[in-house]
Amino acid sequence: MITGALRETGRLFALAAEVSRAVFRRPFQFREFTEQFWFVASVTILPAALVSIPFGAVIALQVGSLTQQLGAQSFTGGASVLAVVQQASPLIVALLIAGAGGSAICADLGSRTIREELDAMEVMGVSPVQRLVVPRVLAAMGVAVLLNGLVSVVGILGGYFFNVVMQGGTPGAYLSSFSALAQLPDLYVSELKALVFGFIAGIVAAYRGLNPRGGPKGVGDAVNQSVVITFLLLFFVNMVMTAVYLQLVPPKGG
615 MITGALRETG RLFALAAEVS RAVFRRPFQF REFTEQFWFV ASVTILPAAL
665 VSIPFGAVIA LQVGSLTQQL GAQSFTGGAS VLAVVQQASP LIVALLIAGA
715 GGSAICADLG SRTIREELDA MEVMGVSPVQ RLVVPRVLAA MGVAVLLNGL
765 VSVVGILGGY FFNVVMQGGT PGAYLSSFSA LAQLPDLYVS ELKALVFGFI
815 AGIVAAYRGL NPRGGPKGVG DAVNQSVVIT FLLLFFVNMV MTAVYLQLVP
865 PKGG
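Using the numbering used here, the letters of the sequence shown correspond one by one to residues 615 to 868.
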């Protein structure tokens with residue numbers, strides 16, 4: 615079991631390296647990239663906006679309750695906004711990219727694999743990785759970066775509404791604490807997380823789609839496995855990136 619897990623991990627990293635090299639090869643499949651970008655965006659924009667509202671509200675309500683107990687209610691805005699921008703927004707985007715876009719990518723590539731379309735492409739001298747995988751991975755990364763901004767804005771607005779309306783906070787204190795605690799590197803690391811998470815979601819979905827087992831049933835199993843594996847990797851990578859960021863970037867005023 616351990617040997618099989620290590621072998622699968624090595625193949626996954628090998629695919630990631632091959633995709634990274636193939637990005638710079640020509641010709642670039644711009645039409646395929648555009649179609650995949652539009653598809654992933656169309657299935658994730660509305661769910662991301664809807665999910666970010668309760669996320670921002672829950673964070674604002676919880677942080678507001680804690681700060682009120684500690685007598686630091688004026689810092690509710692800054693703390694909740696930092697939590698949304700640094701943690702909640704990239705994770706929401708990544709989970710939706712993996713659950714909606716990644717599952718579709720895996721199912722598409724898996725169905726092509728069991729129909730032996732990819733073998734036919736290789737016989738004709740066409741690289742399936744450059745022709746099919748690279749545009750899908752780049753589309754997932756691009757949508758993740760752009761969607762992260764939307765989720766951050768909607769989440770912050772939701773937190774602002776619930777803090778000011780539900781908990782009796784003042785708009786001035788919410789905005790002033792945000793400007794006192796937040797800094798540009800917080801936005802940079804959020805976008806970097808979204809970019810990395812999109813890459814992981816696309817690579818895992820493509821790998822499982824290229825390696826289904828057992829015919830059509832294997833494609834369904836591969837889709838489920840790709841989503842679960844992506845979720846596990848995302849939370850682990852998020853922990854590592856957050857720890858590194860907190861060590862390298864001092865807090866504002868620190």
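In this text, a Cβ means the ideal position worked out from N, Cα and C, and glycines have one as well.
Check	Outcome
Quick check on this structure: which residue in P865, S656, I659, S703 has the alpha carbon closest to the alpha carbon of P799?	P865
Throw me the rounded Cβ distance for the G724 and G823 pair, which I believe falls under 8 angstroms.	4 angstroms
How is A796 classed by DSSP in three states: helix, strand or coil?	coil
Can you list the beta strand (DSSP E) stretches of 3 or more residues lying completely in the segment 715-785, in chain order?	none
Does the distance from the C-beta atom of F874 to that of A712 stay below 8 angstroms?	For residue 874 there is no data in the structure shown, the boundaries of the chain being 615 and 868.
Taking the alpha helix (DSSP H) that F845 belongs to, which residues open and close that run?	829-862
Determine the extent of the alpha helix (DSSP H) in which I706 is found, giving its start and end residues.	703-710
Just verifying my parser: in three-state terms, what is the DSSP assignment at V599?	For residue 599 there is no data in the structure shown, the boundaries of the chain being 615 and 868.
Can the beta-carbon of K807 be found less than 8 angstroms from the beta-carbon of P704?	yes
Please name the residue in A815, Y859, V677, L801 whose C-alpha comes closest to that of V654.	A815
Which of the three DSSP states, helix, strand or coil, is assigned to P661?	helix
V743 and I817 - do their beta-carbons sit closer together than 8 angstroms?	no
Leaving out the 5 sequence neighbours to the left and right, which residues in its chain are closer than 7 angstroms to V633 when beta-carbon positions are compared?	V743, V747, V748, V751, I817
Check whether the Cβ atoms of A708 and L620 sit closer than 8 angstroms, and answer yes or no.	no
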